């Protein structure tokens, strides 16, 4: 099982660090989205100088409601309401938009983590393909989460402040005090940015060095090293070396046997007795370099 995972999980340290940041962001995003169910406060809108106004704070609930300390609601969109302020309607619609974008961001974050961790490497043939796919998977949740954070801080909070001023008849300067939900959303955004930085940098560094590495390898003429780097299994190369060595020894032995036969054929007989002629068991010595030919069947 562990060996099988080694062939699925990317083994680049920068990619693994990016996945660690992405996983931490996924957990924080899930907490932020689940706050919609519990109806916790996203933050508090209060005057910059509390003593100059008749109210202290207006709570911004994750359930798309603005209410005072005593529980009185000053902005809530229901189907039963006959009239509703334009600013309140804009606030509720923007809050719905932020909620849906955050939900899409959570889903894409978990999908990016799963596919990037276990599916990219088996279906990629080159290292550059792995880096490109991983980088694209990381940018999707970052784009969605950045859009949600931008709408929240750029449009939702100003609309909520205007709604508070219109409902309470106050024209004082307001400020937004964050709760832990909005802090977690900001931290999640930072973790997503940190997750994208190493994988993006790794991709562009590999892209810039790709051509230089190839040219340097070809210029040095180190073809054998390149072949070893790209061979999946070099058993065939080792087998070829063994076979070549065996063939050389075999040819050398054949040459010795041929010379033994020639030597035995050229040896004259000094007697008419057939028993004095060389036989197959004759003792022949042939020196070729450092090789001696002892009794050989010729």
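Numbering (UniProt numbering), first residue to last: 1 to 298. Glycine residues also receive a C-beta, built at the ideal position from the N, C-alpha and C atoms. Predicted, not measured: the structure shown is a model, and the values here were computed from it.
Quiz item: Quick one: Cα of residue 70 to Cα of residue 59, how far?
Solution: Answer to the nearest angstrom: the Cα atoms are 10 Å apart.
Exercise. For residue 241, count neighbouring C-beta atoms within 10 Å of its own C-beta (all shown protein chains included) and say buried if the count is 16 or more, exposed if not.
Key: Label assigned to residue 241: exposed.
Self-check item: Distance between residue 194 and residue 154 (C-alpha atoms, nearest Å)
Solution: Taking the straight line joining both Cα atoms gives about 22 Å.
Quiz prompt | For residue 26, the first and last residue of its enclosing alpha helix (DSSP H) | solution = It spans 13 to 38 - the alpha helix (DSSP H) in which residue 26 sits, taken as one unbroken run.
Quiz item: According to DSSP, which residues form a beta bridge with residue 193?
Solution: According to DSSP, residue 193 bridges with nothing at all.
Quiz prompt | Extent of the continuous alpha helix (DSSP H) run through residue 146 | solution = That run of the alpha helix (DSSP H) goes 127 to 151.
Practice problem: Give every residue of the same chain whose Cβ lies closer than 6 Å to the Cβ of residue 191, excluding the five residues on either side of it in the sequence, and list them in chain order. | Solution: For residue 191, same chain residues with a beta-carbon under 6 Å away, outside a window of 5 residues either side, are 21, 24 and 25 in chain order.
Quiz prompt | Between the CA atoms of residue 253 and residue 14 - distance to the nearest angstrom | solution = About 58 Å.
Quiz prompt | Spatial neighbours of residue 73 in its chain, beta-carbon cut-off 8 Å, leaving aside the 5 residues before and after | solution = Once the five neighbours on either side are set aside, the close Cβ partners of residue 73 are 65, 66 and 67.
Quiz item: If we ignore side chains and look at the alpha-carbon of each, how far apart do residue 130 and residue 124 end up?
Solution: When rounded, the distance between both Cα atoms is 6 Å.
Practice problem: Let me know the secondary structure DSSP gives residue 165 once reduced to three states. | Solution: Correct three-state label for residue 165: helix.
Practice problem: Within 10 angstroms of the Cβ of residue 255, are there 16 or more other Cβ atoms? Answer buried if so, exposed if not. | Solution: Residue 255 should be labelled exposed.
Practice problem: Check the DSSP bridge columns for residue 47 and list the partner residues they point to. | Solution: In DSSP, residue 47 forms a bridge with 174.
Practice problem: Locate the beta strand (DSSP E) running through residue 61, then write down its first and last residues. | Solution: Segment 58 to 61, the beta strand (DSSP E) holding residue 61.
Exercise. Work out the CA separation of residue 57 and residue 174 for me, nearest whole Å.
Key: Whole-angstrom Cα-Cα distance: 10 Å.
Quiz item: With DSSP run on the structure shown, which of helix, strand or coil describes residue 8?
Solution: In the three-state scheme derived from DSSP, where H, G and I count as helix and E and B as strand, residue 8 is classed as coil.
Exercise. Answer yes or no: do residue 134 and residue 206 have a C-beta to C-beta separation smaller than 9 Å?
Key: Contact: no.
Practice problem: Compute the Euclidean distance between the alpha carbons of residue 208 and residue 136, then round it to the nearest angstrom. | Solution: Taking the Cα positions, residue 208 is about 18 Å away from residue 136.
Quiz item: Between residue 121 and residue 8, what straight-line distance do the alpha-carbon atoms span, to the nearest angstrom?
Solution: Each residue's CA atom was taken as its position, placing residue 121 and residue 8 some 6 Å apart.
Exercise. Identify every residue that forms a DSSP beta bridge with residue 67.
Key: BP columns for residue 67 point to 59 and 73.
Quiz item: If residue 29 sits next to residue 149, beta carbons under 8 Å apart, how far is it from one beta carbon to the other, in whole angstroms?
Solution: Your pair residue 29 and residue 149 does not check out as a contact, with CB atoms roughly 11 Å apart and the cut at 8 Å.
Quiz prompt | Span separating the alpha-carbon of residue 92 from that of residue 166 | solution = Roughly 15 Å separates the two Cα atoms.
Quiz prompt | Coil, strand or helix - residue 92 by DSSP | solution = Residue state, collapsed to three classes: helix.
Practice problem: Classify residue 42 as helix, strand or coil using the three-state DSSP reduction. | Solution: In the three-state reduction of the DSSP assignment, residue 42 falls in the strand class, which pools E and B.
Quiz item: From residue 76 to residue 117, what does the alpha carbon distance come to, in whole angstroms?
Solution: Rounded to the nearest whole angstrom, the C-alpha separation of residue 76 and residue 117 is 43 Å.
Quiz item: So is residue 62 buried or exposed if we call it buried at 16+ other beta carbons inside 10 Å?
Solution: So residue 62 counts as buried.
Quiz item: Which whole-angstrom value describes the C-beta separation of residue 87 and residue 179, a residue pair presumed to lie in contact below a C-beta threshold of 8 Å?
Solution: Between residue 179 and residue 87 the Cβ distance is about 22 Å, and since that is not below 8 Å, they are no contact.
Exercise. Would you kindly work out how many angstroms separate the C-alpha atoms of residue 263 and residue 257, rounded to a whole number?
Key: In this structure, the alpha-carbon of residue 263 lies about 10 Å from that of residue 257.
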